[in-house]
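Residue numbers (the working numbering): 254 to 510.
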Amino acid sequence: MFRHLQSELESRLTALHSQYQCEQCTPETLSGLEQWLQPLHSGCGYTNWQRAALNLVENEIAADIVNRLNAIEAYKNTFNCHMCGMCCRMASADAPYDELQTRAKAGDEFARQFTSIFLPYASREAAIKVAPDVVKAVLTEAGEKENDGERVYFYHCPYLGEDNRCSVYGTDKRPSICQSYPETPLSFVYEKCAWKPWKDETHQDTLAIHAMLALCNQYADTLRASLLAPEPAEIAEPDSSVCSTGPASFVGQEPLF
Ligand code: SF4
Ligand code: SF4
């Protein structure tokens, strides 16, 4: 998926490049996307390609990415909660309660909402007694191994009723993290959660889209820097390296995952 998106992006930028030309730059001096992104010589005809490419990445492709994420979100809304209560009974975080409280006080909104409802289990063993399979699955997904020391901490919500219903549903005590759970296909979900099929079907695409977003940001940063770079006073030879100065681009590097 990522390679498909990456080649789609490169194709669109390459097609755009063919609409521009420069009397000094030859195919040898500008031999590919990596060089097209770098600072160009004064008056280079491909400067307008860089502007157009920046516009394409920042606007059109960014809009495509948002549409793809919206489609995944819309698909999520076709599933209905089983009301099993597991996500309220066995939540997890990457930090102990006191650290989450510190983060909340420092302005971390997720930590603020999380600590407004969840309480820590007295111990890892206490959590295992409640839902051993879920604890094991969370630890596997988090990559915690024996002798690692605890990297995952388990919590429960006291507002969960014995009937598995939320006793603060519809009140301002129920934070938005409950309403939006699972926030993305990258969130952990319990094997029997209603959204497990959604997560399984969209997880890889979401990873690819996030990687694509990171790639677009890199392209945009490189293009912005090139467009703002001071122009060289003059060029010695048309086929010199003036069109290919700057750091090596990420193009051609291994994808982010
Ligand atoms: S506030 Fe309600 S929905 Fe949120 S975790 Fe607690 S019981 Fe579940
Ligand atoms: S674990 Fe999934 S199905 Fe169960 S209550 Fe939570 S969101 Fe609903």
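Quick reminder that beta carbons are idealized off the backbone N, C-alpha and C, glycines included. Here the structure is a predicted model, which means the values were calculated and not measured.
If I'm right that Leu353 touches Ala364 with Cβ under 8 Å, what's the distance once you round it to whole angstroms? As a first step, residue 353 must be located in the sequence shown, where it is residue number 100. As a first step, residue 364 must be located in the sequence shown, where it is residue number 111. Rounded, the Cβ-Cβ distance is 5 Å, consistent with contact.
Cα-Cα separation, His409 to Arg477: Position 156 of the sequence shown, counted from the first residue, corresponds to residue 409. Position 224 of the sequence shown, counted from the first residue, corresponds to residue 477. Rounded to whole angstroms, His409 to Arg477 spans 47 Å at the Cα level.
Please confirm whether any heavy atom of ligand 1 lies closer than 8 Å to the CB of Cys446. Residue 446 sits at position 193 when you count from the first residue of the sequence shown. Because no heavy atom of ligand 1 lies under 8 Å away, the Cβ of Cys446 does not count as near it: no.
Is it right to say Ser479 is buried, meaning 16 or more other beta carbons lie within 10 angstroms of its own, or is it exposed? Along the sequence shown, read from residue 1 onward, the residue named residue 479 stands at position 226. With 16 or more Cβ atoms within 10 Å of its Cβ, Ser479 is classed as buried.
If we count Cβ pairs, one from each stretch, closer than 8 Å, do we get three or more for the stretch 431-449 versus the stretch 305-319? As far as the Cβ criterion goes, the stretch 431-449 does not touch the stretch 305-319, which means the pair count is below three.
Opening and closing residue of the beta strand (DSSP E) in which His409 lies: To locate residue 409, count along the sequence shown from 1; it is residue 156. His409 -> beta strand (DSSP E) spans Tyr406 to His409.
Kindly examine ligand 2 and report whether one of its heavy atoms sits closer than 8 Å to the Cβ of His409. As a first step, residue 409 must be located in the sequence shown, where it is residue number 156. No, ligand 2 has no heavy atom inside 8 Å of this Cβ.
Secondary structure at Cys419, three-state DSSP: helix, strand or coil? Taking the sequence shown and counting its residues from 1, one reaches residue 419 at position 166. In the displayed model, Cys419 falls within a strand according to three-state DSSP.
Of all the options Gln303, Ala324 and Ala395, which has the alpha carbon lying nearest to the alpha carbon of Asp347? Residue numbering aside, residue 347 sits at position 94 when the sequence shown is read from its first letter. Taking only the C-alpha atoms, the option nearest Asp347 is Ala395.
Which same chain residues, not among the five before or five after Leu372, have their C-beta less than 7 Å away from its C-beta? Sequence index remark: in the sequence shown, residue 372 carries index 119 (1-based). Closer than 7 Å at Cβ, skipping near neighbours: Tyr408, His409 and Pro411.
Who are Leu372's beta bridge partners in DSSP? Start at 1 with the first residue of the sequence shown, and residue 372 comes out as number 119. Its beta-bridge partners are His409.
Sort Ala268, Val319, Asp425 and Gln277 by Cα distance to Cys469 and report the nearest one. Start at 1 with the first residue of the sequence shown, and residue 469 comes out as number 216. The shortest Cα separation from Cys469 among Ala268, Val319, Asp425 and Gln277 belongs to Val319.
Outcome for Ala324 when other beta-carbon atoms lying within 10 angstroms are tallied against a minimum of 16: Against the sequence shown, residue 324 aligns to sequence position 71. Burial call: exposed.
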